[in-house]
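Participant:
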């Protein structure tokens with residue numbers, strides 16, 4: 570059985586702890602966190618609209634624009650807010666007819682500092698992942 574990753578592959582993420590919250594208060598705290606993410610991320614990244622979707626069974630998509638999803642993953646007392654290129658059916662169909670993925674990745678790289686700052690305002694610490702493609706290190 571595969572273990573779920575803490576955030577979607579290729580996504581930029583920031584984490585914070587959800588431990589210390591009593592079981593009775595966890596669900597209201599989760600709903601407050603979802604509302605805060607939607608409000609603050611939408612204020613900083615205005616092209617995103619609220620949406621209710623899932624990536625698999627663990628990654629909840631909260632906001633979407635033409636290129637990317639912003640979501641929340643909670644696992645083992647930790648919460649991760651993440652932003653990543655869309656992978657849904659409609660987006661994949663658009664990618665078949667035009668080069669959407671390249672501009673999406675460039676746009677994601679350009680707004681990375683804004684996402685990181687917005688996540689920090691919500692109490693999330695950025696996660697800086699190592700480059701997983703060695704050819705990028707040489708560039």
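Numbering (our numbering), first residue to last: 570 to 708.
Note that the Cβ used here is the ideal one computed from N, Cα and C, for glycine as well.
Just the C-alpha distance for residue 697 and residue 582, rounded to the nearest angstrom, thanks.
Facilitator: The count along the chain shown starts at 1 and reaches residue 697 at position 128. The count along the chain shown starts at 1 and reaches residue 582 at position 13. Looking at the two C-alpha atoms, the distance is approximately 8 Å.
Participant: Give me the DSSP bridge partner(s) of residue 648.
Facilitator: Taking the chain shown and counting its residues from 1, one reaches residue 648 at position 79. Its beta-bridge partners are 585, 643.
Participant: Could you check if residue 621 is buried or exposed, using at least 16 other CB atoms within 10 Å of its CB as the buried criterion?
Facilitator: Along the chain shown, read from residue 1 onward, the residue named residue 621 stands at position 52. Exposed, by the Cβ-count rule.
Participant: Between the Cα of residue 676 and those of 608, 663, 664, 654, spot the shortest distance and give me the residue it belongs to.
Facilitator: Looking up residue 676 in the chain shown gives position 107. The residue with the shortest Cα to Cα distance from residue 676 is 654.
Participant: What residues in its chain sit with their C-beta under 6 Å from that of residue 673, if we drop five residues either side in the sequence?
Facilitator: Within the chain shown, residue 673 is the residue found at index 104, counting from 1. Answer for residue 673: 636, 654, listed in chain order.
Participant: Got a sec, what are the start and stop residues for the beta strand (DSSP E) residue 696 sits in?
Facilitator: As a first step, residue 696 is located in the chain shown; it is residue number 127 there, counting from the start. First-last of the beta strand (DSSP E) with residue 696: 694–696.
Participant: Where does residue 681 sit, in a helix, a strand or coil, going by DSSP?
Facilitator: Along the chain shown, one-based indexing puts residue 681 at 112. In this structure, residue 681 counts as helix in the three-state DSSP scheme.
Participant: Any idea what DSSP makes of residue 725, helix, strand or coil?
Facilitator: Residue 725 is absent from the structure shown; the chain starts at 570 and stops at 708.
Participant: On a Cα-Cα basis, can you pick out the residue from 645, 624, 644, 611 that is closest to residue 656?
Facilitator: As a position in the chain shown, residue 656 is number 87, starting the count at 1. The option with the nearest alpha carbon to residue 656 is 624.
Participant: Within 10 angstroms of the Cβ of residue 612, are there 16 or more other Cβ atoms? Answer buried if so, exposed if not.
Facilitator: By one-based count along the chain shown, residue 612 stands at place 43. With fewer than 16 Cβ atoms within 10 Å of its Cβ, residue 612 is classed as exposed.
Participant: Quick one: what does DSSP say residue 637 is sitting in, helix, strand or coil?
Facilitator: Taking the first residue of the chain shown as position 1, residue 637 is located at position 68. If DSSP states are grouped into helix, strand and coil, residue 637 belongs with the strands.
Participant: Look up residue 671 in the DSSP assignment and say whether it is helix, strand or coil.
Facilitator: On the chain shown, residue 671 is found 102 positions in, with the first residue counted as 1. Helix.
Participant: Would you kindly report the start and end of the unbroken alpha helix (DSSP H) that includes residue 595?
Facilitator: Locating residue 595 in the chain shown gives position 26, counting from the first residue. 592–613 is the extent of the alpha helix (DSSP H) around residue 595.
Participant: Run through DSSP, which three-state label would residue 708 get?
Facilitator: Within the chain shown, residue 708 is the residue found at index 139, counting from 1. Any reading at residue 708 must be qualified, since the residue scores a pLDDT of 44, below 50, and its modelled position is unreliable; no value is offered.
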